[in-house]
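Chains A and B are the protein sequences, given in the same order.
Start counting the first sequence at 1; every next residue gets the next number (full-length UniProt numbering).
Start counting the second sequence at 1; every next residue gets the next number (full-length UniProt numbering).
Number of protein chains: 2
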Amino acid sequence: MTASTLVPVFAALGDETRWSILAALGEGDASASALAGRLPVTRQAIAKHLAVLQEAGLVESVRVGRELRYRVLGSQLSETARSLDRIGAEWDRRLAAIKRIAEGL
Amino acid sequence: MTASTLVPVFAALGDETRWSILAALGEGDASASALAGRLPVTRQAIAKHLAVLQEAGLVESVRVGRELRYRVLGSQLSETARSLDRIGAEWDRRLAAIKRIAEGL
DNA sequence: GGTTAATGCAACCCTGTAGTTGCAGTAACT
DNA sequence: AGTTACTGCAACTACAGGGTTGCATTAACC
C-alpha cells in the first residue's frame with residue numbers, strides 16, 4: 001500500500017460524521033436511509049459520506065431487496081494501520097541513524 | 001487513545017502537501033524556510049501545515065539558533081496505527097458475531 | 001397496476017482551509 | 001550597531017466539501 005493510496009483513506013477518516021457512520025455500521029450493516037434515522041444529518045449527506053468511504057475502500061455496498069446496504073471493512077483499517085506503523089518506524093530508524101552520525105559514533 | 005483524539009490526526013494526514021512535508025522531515029529535521037526550498041509552496045503555507053501537524057502531535061519543534069527546526073514523531077504514527085488496528089478488529093469481531101447469530105449457529 | 005419506500009441526481013449555501021502576497025518583528029553574525 | 005536571515009502576523013483569493021432542499025427515478029409489495 002503506497003503513501004498516495006493512503007491519503008484518501010485518511011481524508012475519509014478525518015471527519016467526525018464519517019466516524020459516526022462507521023461506528024454505526026460497526027454494529028451491523030445498514031442502508032443510507034437507516035443511518036439517517038440514527039444520525040442528525042440528512043440521508044443525502046450520509047449518501048455522500050458513504051461514497052467517500054467506499055472510494056477509500058472502507059465500506060462496501062450490497063443490494064438487498066430495494067435497499068443498498070453498506071458494510072464496514074475492518075480489514076482495510078488493519079492494512080492502513082500496518083502501513084502507518086511501517087512508515088513511522090522507518091522515520092524513527094532513519095532519524096536515529098542521523099543522530100548517531102551527528103554524535104560521531 | 002480515543003476516537004475523537006484520532007480525528008485531527010487523520011485530518012492532518014489527509015493532505016498530500018503535508019505528506020510531502022512529513023516525508024522531507026523523515027530524512028532529517030528542518031525549518032519551515034528550509035522546507036520551502038524543497039517544496040513547491042511558500043514558506044507561509046508550510047508554516048500553516050506545520051502548525052496543523054504539531055496540533056495533531058505528529059511533529060515537534062525545537063529552537064536552534066535563530067531557526068525553528070521541526071522533527072517528525074514516528075511514535076505518534078505507531079500509536080495511531082495501534083488504535084486503528086484495534087478498532088478494525090473490533091468491527092470485524094462484532095460483525096462476525098452478528099453473522100453467526102443470523103445463520104442460527 | 002398502483003402505491004409506497006427506497007435510491008439517484010442537481011442546484012445551491014456556507015464554512016473551512018490551502019494558498020498567496022506583503023510587511024513587521026526579532027535574533028545572529030560580522 | 002548595522003545587516004542579514006529567519007519567523008510571525010494579517011488580509012485576501014479561491015476552491016473543496018459538508019450540509020441542505022427539491023424532485024426524479026426505480027423497484028418491491030399488495
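Ideal Cβ placement from N, Cα and C applies to all residues, glycine included.
Can you say whether residue i is buried or exposed, counting buried as having 16 or more other CB atoms within 10 angstroms of its CB?
i        : result
A/Ser31  : buried
A/Gly37  : exposed
B/Val59  : buried
A/Ile98  : exposed
B/Val72  : buried
B/Gln44  : exposed
B/Gly104 : exposed
A/Ile46  : buried
B/Ala56  : buried
A/Leu63  : Contrary to the premise, residue 63 of chain A reads as Arg rather than Leu in this sequence. A/Arg63 should be labelled exposed.
B/Gly88  : buried
B/Gly74  : buried
B/Ile101 : exposed
Who are residue i's beta bridge partners in DSSP?
i       : result
B/Val64 : B/Glu67
B/Ser59 : This sequence places Val at residue 59 of chain B; Ser is not what is there. The partner list for B/Val59 (beta bridge, DSSP) reads B/Val72.
B/Ser31 : B/Arg69
Would you say residue i reaches chain A, if we count a Cβ-Cβ gap shorter than 8 Å as a contact?
i       : result
B/Ser27 : Looking at the sequence provided, one finds Glu at residue 27 of chain B rather than Ser. B/Glu27 counts as touching chain A.
B/Leu77 : yes
B/Val7  : yes
Taking Cβ positions only, does residue i come closer than 8 Å to chain B?
i       : result
A/Glu16 : yes
A/Val72 : yes
A/Leu68 : no
TODO: Indicate whether the contact test is met: 3 or more Cβ pairs, each with one atom in the stretch 80-92 of chain B and one in the stretch 78-97 of chain A, closer than 8 Å.
DONE: yes
Open item on the list: Which residues of the stretch 89-103 of chain A have a Cβ closer than 9 Å to any Cβ of chain B? Give them in chain order.
Closed with: Only those residues of the stretch 89-103 of chain A whose C-beta falls short of 9 Å from the nearest C-beta of chain B are listed: Ala89, Glu90, Trp91, Asp92, Arg93, Arg94, Leu95 and Ile98.
- [ ] Would you list, in chain order, the members of the stretch 20-54 of chain B that have their beta-carbon closer than 7 Å to a beta-carbon of chain A?
- [x] Gly26, Glu27 and Gly28
Open item on the list: Check whether the stretch 90-102 of chain B and the stretch 41-55 of chain B touch, using three or more Cβ-Cβ pairs below 8 Å as the test.
Closed with: Segments in contact, no.
Open item on the list: Within 8 Å, do at least three Cβ pairs link the stretch 9-22 of chain B to the stretch 6-20 of chain A?
Closed with: yes
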